[in-house]
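In the working numbering, the protein residues as written are 18 to 564. Working notes, structure below.
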């Protein structure tokens, strides 16, 4: 196998490493080094990701002017209608969540076809910490007992116990909820019980749809506030942006640009380091967007990222079929409205097929792989313990555990990386404006205290006092609008061509054909979905974490 004579890239510290690597020094790439890195490693990134794109103040002024949005600069919301009326047809369109924020069917869909789609699991037994009874739930189970609903695989759990004990901003609260969901006879998923904290008790009751309408609405908002914390810290930032940044650096450290695996992976790393450096610094810096618009602020965000990274495994959570099996959702007949799973598995299988065909061209047997010093060094660094600039990425559950013996191990690793940079990121990034931009629908920030009485009669004023004020709402709208914009080519249509070997090009062409078939199939599915789930149509998915 040909090896490049180009010098290896110098060792570079991962610019955001201190967020998930507590032992690493909290230093980022110096700005003086950034142009060199962008020029030498990621072609044309500097021109693509301008500093002005992430100047929130400039962007706010520009978008307000373009949209002609009408919003008083200060103050609280007077009515829910006054919040709805701020949206315009241009730029700040009315988010989809604005019309369905208090709809239980849509609240169920948020678990299976929205930002945070990989937390739900099949309920095989009611946990002791959620002491629901048949008497409590019988009006909601269509004549079934709890046990019968479990046997019919119609009960599902979402447990946010990982949030327990996180630091939060002063005078703010972050719930640690557990939710129980029921698949009704029309195949729609609905919430039937929410407990806002883990330990049951008189001041931590179980809320159900039988509560007063706005009481139940407020409880769902507090649940979604916790869900949003998990989404931003783990599903989005930690386990796509930051995790793949480490993989990107390890790839450039160990694989020459002529290496076939470098050529396969490079399109999926495009713009990632630039986005993380220029964008995330402003969003997650002290006093930045997260500190202003989320209950747990930066300290809670970093703590949650660290927790998640130390439990996430590439061969489990990072391998879609295994992740689905672990959550009891690998059977497509269970939870048929799980649109994310139904579409994502098609894409995972297409990527896996593509990677296997490509790898077999360059490694016709395992012995060649075992003797490839570059790929072995790369695999070792993916596993190597984190230790600042001299450490590795520290990923758990990497097939082969740092020493690749079989092609299958390499295929699983590469499939996970390509899937994470494209499918996983797209599914958790691009719905952000539609979900977050109408705060009652999916509030990153909730003020005051969550309800503690299931018999309470919450009023609209109580809802409004829990919401972020007008300026904070505008900041949420602006940043989620930026994050939801797709500005690069779709998966399989690479911005920069790295693969020129005729046989490899045939493999790429076959991958593109598979993606076209999947796109057609998803479009057909969406004709019968209400609402459609469009975020995993290959036409919409970028190759890389480019925003």
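All residues carry an ideal CB built from backbone N, CA and C; glycine is no exception.
Inset, instruction - Compute the beta-carbon to beta-carbon distance between residue 538 and residue 363, rounded to the nearest angstrom, for a pair I have assumed lies under 8 angstroms. - result: With a Cβ gap of about 7 angstroms, residue 538 and residue 363 count as contacting.
Legend entry - Whole-number beta carbon distance between residue 458 and residue 115, since they are thought to touch under 8 angstroms: 7 angstroms
Legend entry - Unbroken alpha helix (DSSP H) run spanning residue 488, endpoints: 487–500
Legend entry - Neighbour-count burial assignment, residue 269, 16 or more Cβ in a 10 Å radius: So residue 269 counts as buried.
Inset, instruction - Would you kindly work out how many angstroms separate the C-alpha atoms of residue 231 and residue 477, rounded to a whole number? - result: 7 angstroms
Legend entry - Distance CB(residue 371)-CB(residue 528) smaller than 9 angstroms: yes
Inset, instruction - In the DSSP assignment, find the beta strand (DSSP E) that holds residue 520 and state where it starts and stops. - result: That residue, residue 520, is in no beta strand (DSSP E); its alpha helix (DSSP H) goes 519–543.
Legend entry - Cutoff 7 angstroms; reference residue 49; Cβ partners in own chain excluding five residues on either side: With a pLDDT of 33 at residue 49, under the threshold of 50, the modelled position of that residue is not reliable, and no figure is offered here.
Inset, instruction - Please say whether residue 176 and residue 144 have beta carbons closer to each other than 9 angstroms? - result: yes
Legend entry - Beta-carbon proximity of residue 448 to residue 508, cut-off 9 angstroms: no
Inset, instruction - Find out if the Cβ-Cβ distance for the pair residue 331, residue 442 is shorter than 9 angstroms. - result: no
Inset, instruction - Output the residue ranges of the beta strand (DSSP E) runs that lie fully inside the stretch 138–179 and measure 3 residues or longer, sorted by chain position. - result: 172–176
Legend entry - Collapsed DSSP secondary structure at residue 368 in the structure displayed: helix
Legend entry - Alpha carbon of residue 470 to alpha carbon of residue 233, nearest angstrom: 11 angstroms
Inset, instruction - Starting from residue 211, follow the beta strand (DSSP E) in both directions and report where the run begins and ends. - result: 206–212
Legend entry - Straight-line gap, residue 283 to residue 123 (C-alpha atoms, nearest Å): Cα atoms of residue 283 and residue 123: separation of roughly 38 angstroms, rounded to the nearest angstrom.
Legend entry - Closest residue to residue 250 among 424, 326 and 318 (Cα-Cα distance): 318
Legend entry - At least three beta-carbon pairs within less than 8 angstroms, the stretch 234–243 to the stretch 188–199: yes
Inset, instruction - Identify which residue in 475, 160 and 167 has its Cα closest to the Cα of residue 138. - result: 167
Legend entry - As assigned by DSSP and simplified to three states, the class of residue 516: coil
Inset, instruction - Throw me the rounded Cβ distance for the residue 199 and residue 211 pair, which I believe falls under 8 angstroms. - result: Not confirmed; about 12 angstroms, so no contact.
Legend entry - Distance between beta carbons of residue 276 and residue 391, contact taken as under 8 angstroms: 6 angstroms
Inset, instruction - Note down the Cα distance separating residue 564 from residue 216, rounded to an integer number of angstroms. - result: Cα atoms of residue 564 and residue 216: separation of roughly 39 angstroms, rounded to the nearest angstrom.
Legend entry - Contacts around residue 248, its chain only, beta-carbon distance under 8 angstroms, and the 5 residues preceding and following it disregarded: 132, 133 and 445
Legend entry - Cβ shell of residue 450 (< 7 angstroms), same chain only, five flanking positions each side left out: 112, 497, 498 and 501
Legend entry - Opposing strand residues paired with residue 198 [DSSP bridges]: 173 and 208
Legend entry - Straight-line Cα distance separating residue 304 from residue 375: Rounded to whole angstroms, residue 375 to residue 304 spans 46 angstroms at the Cα level.
Legend entry - Any non-hydrogen atom of the ligand ATP within 8 angstroms of residue 186 CB: Ligands are entirely absent from the displayed structure, and the ligand ATP is therefore not among its contents.
Legend entry - Secondary structure of residue 338, DSSP reduced to three states: Of the three classes helix, strand and coil, the one that applies to residue 338 here is helix, per DSSP.
Legend entry - Straight-line gap, residue 466 to residue 185 (C-alpha atoms, nearest Å): 13 angstroms
Inset, instruction - Give the secondary structure of residue 296 by DSSP, where H, G and I count as helix, E and B as strand, and everything else as coil. - result: Assignment of residue 296 by DSSP, reduced to helix, strand and coil, places it in the helix class.
Legend entry - Top-ranked residue by Cα proximity to residue 492, from 454, 434 and 473: 454
Legend entry - Distance between beta carbons of residue 208 and residue 121, contact taken as under 8 angstroms: 6 angstroms
Legend entry - Check whether residue 301 and residue 312 have beta carbons under 9 angstroms apart: no
Legend entry - Nearest candidate by alpha-carbon position, reference residue 348, set 515, 171 and 239: 171
Legend entry - Outcome for residue 517 when other beta-carbon atoms lying within 10 angstroms are tallied against a minimum of 16: exposed
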